[in-house]
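First up is the structure itself, then whatever we jot down about it.
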Amino acid sequence: MKTLPTILSALCIALQVRADFTVFAAASTTDVLKELAASHKEQGGEPVRFNFASSGALARQIDAGAPADLFVSANAKWMDWLETQSACRKETRFDLAANSLVMVAPPGSSLAFDGTISGRVAVGDFKSVPAGMYAKEALEHLGWLETWRPNLVPTSSVRTALLYVQRGEVAAGIVYATDAQAAGHLEVVGTFPAEAHSPIVYPVAAISGNKAALQFLDFLKTAKAKAILKKHGFADPEKTNHKDSKSTKKSGTKPSCTSCLSGERK
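For the sequence shown, the positions run -19 to -1, 1 to 247 when mature numbering (1 follows the signal peptide of the UniProt record, and there is no 0) is used.
Structure below.
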């Protein structure tokens, strides 16, 4: 008969072996992160659990104590906010990718990208969904916002906006270029100029000190990971005109995230 110490010892070993981790990530990264996780696992990495939603909703969950190990945001401001809340490990932060903003419509649409609008347009919520925040900036910059406002349909995430267009529930949607590429059959009516909105970058940072999560964070910096990101339509933030988001890249080689294991989250 096994003694209590033996049982407890076996349980501790089992918990140590079960080293999978949880990534909270912006909805627009769903497809690419799943492929990145699969590639990482093929190279010996641990399994990844994902929670995909709008960056604002995820940031609030993390600040409230939700069990996240990594956070991938579609907006630098939400990561900045977590830093001010001391809810992420800012020394691990870097920009993973960049994106652009487009308007999509069903194939054969007669919509023109000239400021005129007819029909409803799905767009992420202006207050919490990064794609919606960028869209508001772009529409204001172009002088279209007040004309378009009655036609705008706010959604809980950029993928929900995309889904509305795919279902034919709206005439158009404002989404990321990568979402348009993933959808495949939708028509890109126009691309919002980069200068019309804040740089669309995806900062990533560790929330916990989970070793497996930090190893995945290191994998995201590799050439293999960058190739997967490019395949999905994401741009390299180092090769765009976008300025780095707050507290991200510095000159020289990025430190290995697995070296950030000690200490409490900062």
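We put the beta carbon where it would ideally sit given N, CA and C, even for glycine. Remember, it's a predicted structure, so these values are computed and weren't measured experimentally.
To the nearest angstrom, report how far apart residue 292 and residue 190 are at their CA atoms. Outside the displayed span of the chain (-19 to 247) sits residue 292, for which this structure offers no information.
Keeping to the same chain, check which residues put their C-beta closer than 6 Å to that of residue 136; ignore five residues upstream and five downstream. 103, 105, 142
Reducing DSSP to helix, strand and coil, say where residue 49 ends up. coil
Would the stretch 147 to 163 count as touching the stretch 110 to 127 if we require 3 or more Cβ pairs under 8 Å? yes
Cα separation between residue 199 and residue 37? 24 Å
Locate the alpha helix (DSSP H) running through residue 193, then write down its first and last residues. 192 to 200
With 16 as the cutoff for other CB atoms within 10 Å, does residue 6 come out buried or exposed? buried
Please list, in chain order, all residues of the same chain as residue 203 whose beta carbon is under 7 Å from its beta carbon, the five residues on each side excluded. none
Grouping DSSP H, G and I as helix and E and B as strand, with all else coil, what is residue 112? helix
Just verifying my parser: in three-state terms, what is the DSSP assignment at residue 131? helix
Collapsed DSSP secondary structure at residue 6 in the structure displayed: strand
Could you tell me which residues DSSP pairs with residue 32 in its beta bridges? 5
Within the continuous beta strand (DSSP E) that includes residue 139, where are the two ends? Counting along the chain, residue 139 falls outside any beta strand (DSSP E), though it belongs to the alpha helix (DSSP H) covering 139 to 147.
Please list the terminal residues of the continuous beta strand (DSSP E) segment that includes residue 61. Element bounds for residue 61: not the beta strand (DSSP E) but the alpha helix (DSSP H), 57 to 65.
Would residue 244 be called buried (16 or more neighbouring beta carbons within 10 Å of its own) or exposed? Here the model assigns residue 244 a pLDDT of 38, short of 50, so the residue's position is not dependable and the matter cannot be decided.
For residue 168, the residue or residues it bridges with in DSSP: 86
First through last residue of the beta strand (DSSP E) which encompasses residue 219: Note, residue 219: premise wrong, no beta strand (DSSP E); not H, not E.
Identity of the residue in 133, 127, 126, 164 nearest residue 140 by Cα: 164
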